[in-house]
Every structure is written in structure tokens, then in C-alpha cells.
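Student: This is the structure I want to talk about, given as C-alpha cells.
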Amino acid sequence: MGHEQTTVPFTVPSFADDVSDAVVKVLDSGWVTTGPQTASFEQDFADYLGAAHVVAVASCTTALELCLRAMDLPPGSAVLTPSLTFCGAINAILHAGHRPVLVDIDEDTLVPSPATVAAAAERAGRPAAMVVQNQGGYPVDVPALTEAAGLDRTRVIEDVAHGPGAGRDGAHAGSSSYAACFSFYATKNLPIGEGGAVATSDQDFADRIRATRLHGMSKDSWRRYLPGGSWRYDVRNVGLKANMTDIQAAIGRAQLTMLPRWQRRRAELVARYDEALAGLPGLVLPQRNLGGVRHAWHLYQIRVPERDALIAELEAAGVSTSVHFIPANQMTAYRSILGAEECGSVPVTDRVGEELLSLPLYPGLSPDGQDRVITALTEALRTRG
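Per this note's numbering, residue 319 is the first one in the sequence shown, and the count goes up by one each step.
Dropping the structure here:
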């Protein structure tokens with residue numbers, strides 16, 4: 319048996335049993351781009367979240383950019399963002415024509431704290447907006463961070479790419495934010511393959527996102543070609559090509575019915591990791607669910623010394639892992655754009671970023687597969703100890 323067959327993958331997407339049937343129905347309908355399935359998925363996802371409005375888009379990255387564009391900030395505005403984030407989130411700020419201002423993290427939760435946000439806001443002078451990310455699935459306290467930044471809630475975007483499934487005080491993450499952005503990438507808790515969404519409490523904001531995702535056109539193709547519809551449309555604002563297709567939406571609707579079950583399975587796997595890995599030398603477990611916080615467990619992020627060497631040892635033992643993330647301030651392009659002083663402003667991120675390691679965690683991970691991860695990690699750390 320070859321090495322590839324015996325390796326425990328870092329992640330494998332799960333799919334509902336009726337996904338194939340849902341896609342075939344869309345193909346048979348003759349309408350495969352943005353249309354009735356997309357509208358139905360938006361309503362289904364809004365109902366799941368308890369959000370007022372949802373607009374489906376091409377990705378979480380485009381969702382972030384669309385939100386920043388819809389806020390009509392002055393060009394070159396300072397936008398607060400954690401440095402411990404995916405590069406796409408930084409790119410969205412830059413593509414929208416603004417300046418990222420890096421925010422450090424709390425080393426327990428791996429997300430910004432009111433203190434780190436306040437420090438970044440003071441350094442920026444007067445930030446115009448902020449993006450806050452639910453790292454690994456740990457839901458940020460959006461109102462507390464909004465207050466710390468000195469911003470109105472209409473200038474704060476919650477990045478929920480590592481949800482859905484997270485929540486605070488009984489409410490789903492993103493359900494009450496002015497703007498919350500979700501990802502349906504293949505590795506995410508609700509995997510479609512590609513895709514994203516914006517949830518918002520504001521009807522006008524939703525309408526602006528809806529138009530901007532399709533070049534700024536006042537009507538999409540589906541509405542233009544409905545019986546009685548007019549072929550005429552206007553472009554009131556320059557937009558992007560960032561729409562979701564009905565094929566993606568049909569997959570998303572089927573996947574959404576399985577999400578609660580998948581979230582329960584993630585929690586079971588996390589509890590098993592917690593029990594097996596507690597007390598291992600040099601290992602720091604992820605932050606627990608505390609004070610009304612419900613973790614989405616998109617990632618199981620441990621902290622270990624000599625992380626890079628450990629990755630190689632685990633790979634040799636047939637266990638694939640990943641790192642989330644290489645901090646943005648360490649990337650060549652951003653160092654060039656932001657400068658050395660800005661990139662040196664997040665010391666906790668730099669220190670913790672060298673220790674983070676994401677273990678395999680997905681609904682299809684078998685007990686045997688998880689045992690192999692636990693055994694390989696335990697042996698590697700105890701050998702060092």
C-alpha cells in the first residue's frame with residue numbers, strides 16, 4: 319500500500335447524500351447561473367443564521383471587498399484587520415482602495431482583544447473601518463471590539479469564514495452584525511467548493527451588495543428574463559463580477575441540511591482530542607468554550623515549540639497538518655506595501671504564529687484516523703520531552 323493511501327489527510331469535504339440530485343435538477347432546469355436557487359439559498363441561510371438579509375457571492379474575499387466598497391469610505395482609508403488572517407482578507411482591503419492597519423491578537427483566543435484593537439486604532443490615528451475575524455471558529459465579541467475601535471457598527475465587518483456554527487449568547491455568529499462575510503470554500507464547515515455570502519441587518523446595504531456583485535447592474539439576468547420582465551437595466555455604481563451560480567446554490571441548500579449534524583461531529587472529535595492530548599509536554603490546547611461562547615471548530619489549532627520540525631515528523635508518520643496562518647506582516651508583498659514599522663507592530667502574532675499547528679478535523683475523520691493523529695503527535699512530543 320502506497321504512502322498516499324495510508325496518510326491521514328488534513329481535510330476531506332463532506333457532502334450530503336442528495337447533492338448530486340440537486341445539481342442534476344439545476345442542469346435539467348436550463349438555468350445554471352444566478353437565479354431561483356441562489357435566491358432560495360440566500361433565504362435558507364438567512365433562516366439558519368437568524369439574519370435579516372443574506373446576499374450570496376463568489377467568495378468570502380469578494381464579500382469583504384464588496385462590503386468595503388458599499389461603505390463608501392474615502393480612498394486610502396485606514397482599515398483595521400488582524401495580521402493573523404488569510405491573505406485574501408488583506409487583499410480585499412487593498413483592492414477596495416484602502417490601507418490595512420494591523421491588529422495584534424490575544425494569545426489565548428487567537429483573535430483581537432479590545433486592548434489590541436484600541437492600540438491599533440490609536441496608531442492609525444482615526445480608522446475608517448475594521449474587519450474582525452473569527453479565527454479557527456472562535457467568535458469575536460463584535461460590539462466590544464467596535465467600541466474599542468471608536469467606530470460605528472456600520473463600519474465594522476465580521477469575517478465569519480471559519481464558521482458558520484459559531485455563536486455568542488445563543489445567537490449565531492454574524493446574525494446581528496451590520497456586515498458579516500462567510501466562506502463556502504471546499505475546506506469550510508459548509509463546503510460548496512467555492513462561494514461566499516454577506517449577511518446584514520440593513521436592507522439598503524444588502525441591495526447595494528446585490529447590485530455590486532453583478533457589475534453594478536440594476537437587474538440580474540434572471541429578473542430581466544422573467545415573464546413580463548424588461549431587458550433594460552442601468553449601472554449606477556461600478557461593480558464586480560462576484561455572483562454565485564445556481565449550481566453552487568443548489569449544493570449549498572443540500573449541504574445546509576447537514577450542517578447541524580456535522581457541527582456535532584466536529585465537537586465530538588474536539589472532545590476526543592482534548593482528552594487525549596491534555597498534558598503533553600510543550601503543547602497548548604485551543605481556547606475552550608467560555609462565557610456563552612460557542613466555537614465553530616473549523617480548526618483545531620494547537621501551539622507547539624519547534625513547529626516546523628514537528629510538521630515534518632508527522633508527515634513522515636502519515637499525518638497531514640496545516641498552518642493557519644502565516645501572518646500577513648511576514649509576507650513579502652505586504653511588507654513592501656505597509657512598511658517595516660507597521661509590520662513590526664504585532665509581536666504576539668509573530669510569536670504565536672511560529673507555534674500554531676492545525677490538526678486534521680472534519681466530519682468524515684474516522685476514529686482510526688484520529689487515533690493515528692493522536693499517536694503520532696504523542697510519540698513526537700514525548701520523544702522531545
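Glycine included, each C-beta is placed from N, C-alpha and C at the ideal position.
Computed from a predicted structure; not experimentally measured.
1. Please go through the region 321-356 and give each complete alpha helix (DSSP H) segment of 4 or more residues, from N-terminal end onward.
2. Quick check: L587 and L595, are their CB atoms within less than 8 Å of each other?
3. Please report the residue range of the alpha helix (DSSP H) in which R606 lies.
4. Out of curiosity, what's the CA-to-CA distance linking V372 and A694?
5. Roughly how far, in whole angstroms, is the beta-carbon of A666 from the beta-carbon of I423, given that I think they are within contact range, below 8 Å?
6. Measuring CA to CA, which of R473, A585, A438 is closest to A446?
7. Quick one: what does DSSP say M319 is sitting in, helix, strand or coil?
8. Which same chain residues end up closer than 6 Å to I569 when comparing Cβ atoms and leaving out the 5 residues on each side of it in sequence?
9. What residue does the alpha helix (DSSP H) around F500 start on, and which one ends it?
10. Which runs of the alpha helix (DSSP H) at least 4 residues long sit entirely within the region 363-426? Give them in chain order.
11. Run through DSSP, which three-state label would Q688 get?
12. With respect to the alpha helix (DSSP H) encompassing R441, which residues constitute its N-terminal and C-terminal limits?
13. In or out: T518 buried (at least 16 other Cβ within 10 Å) or exposed?
14. Are G483 and Q581 closer than 8 Å when you measure CB to CB?
15. Which whole-angstrom value describes the C-beta separation of L675 and V637, a residue pair presumed to lie in contact below a C-beta threshold of 8 Å?
16. Any beta carbon of chain B sitting closer than 8 Å to that of R621?
17. Across the region 489-502 and the region 347-355, are there enough close Cβ pairs to call them in contact, namely three or more that are closer than 8 Å?
18. Is T575 helix, strand or coil by DSSP?
19. Is the beta carbon of T380 less than 8 Å from the beta carbon of G514?
20. I believe P645 touches D668 by the beta-carbon criterion, under 8 Å. Please report the beta-carbon distance rounded to the nearest angstrom.
21. My guess is that M562 and V375 are in contact by the Cβ rule of under 8 Å, so how many angstroms apart are they, rounded?
22. Round the Cβ separation of I478 and G492 to the nearest angstrom and send it over; I've been treating them as touching at under 8 Å.
23. What's the C-alpha gap between A572 and A437?
24. Taking the CB atoms as reference points, tell me whether C677 and T639 lie closer together than 8 Å.
25. For S684, does the count of other Cβ atoms within 10 angstroms reach 16, so buried, or fall short, so exposed?
26. Look at I527 and L398 and say whether their C-beta atoms are less than 8 Å apart.
Tutor: Quick look at the numbers:
1. Residue ranges of uninterrupted alpha helix (DSSP H) with 4 or more members, entirely inside the region 321-356 and ordered along the chain, are 321-324, 337-347.
2. no
3. It is not in any alpha helix (DSSP H) - R606 carries neither H nor E in the DSSP assignment.
4. 43 Å
5. A quick correction: the sequence has Val, not Ala, at residue 666. Contact holds; Cβ gap of about 6 Å.
6. For the residues R473, A585, A438, the minimum Cα distance to A446 belongs to R473.
7. Note that M319 scores a pLDDT of 35, beneath 50, so its modelled location is shaky; the value from the coordinates is reported in the next line. M319 falls in the coil class under three-state DSSP.
8. If you ignore the 5 residues before and after I569, its C-beta comes within less than 6 Å of the C-beta of V337, I510, all in its own chain and listed in chain order.
9. Counting along the chain, F500 falls outside any alpha helix (DSSP H), though it belongs to the beta strand (DSSP E) covering 497-501.
10. 378-388, 405-413
11. helix
12. 432-442
13. buried
14. yes
15. Cβ atoms of L675 and V637 stay farther apart than 8 Å, at about 11 Å.
16. Among the chains in the structure shown there is no chain B, since it carries only a single protein chain.
17. no
18. coil
19. Yes. Within cutoff.
20. 6 Å
21. Going by Cβ atoms, the distance from M562 to V375 rounds to 6 Å, so yes, they are a contact pair.
22. Correcting the residue type first, residue 478 is Val in the shown sequence and not Ile. About 4 Å; that satisfies the 8 Å criterion.
23. 44 Å
24. Checking the sequence, you will find Leu at residue 677 rather than Cys. Yes, they are a contact pair.
25. Exposed: under 16 other Cβ atoms inside 10 Å.
26. no
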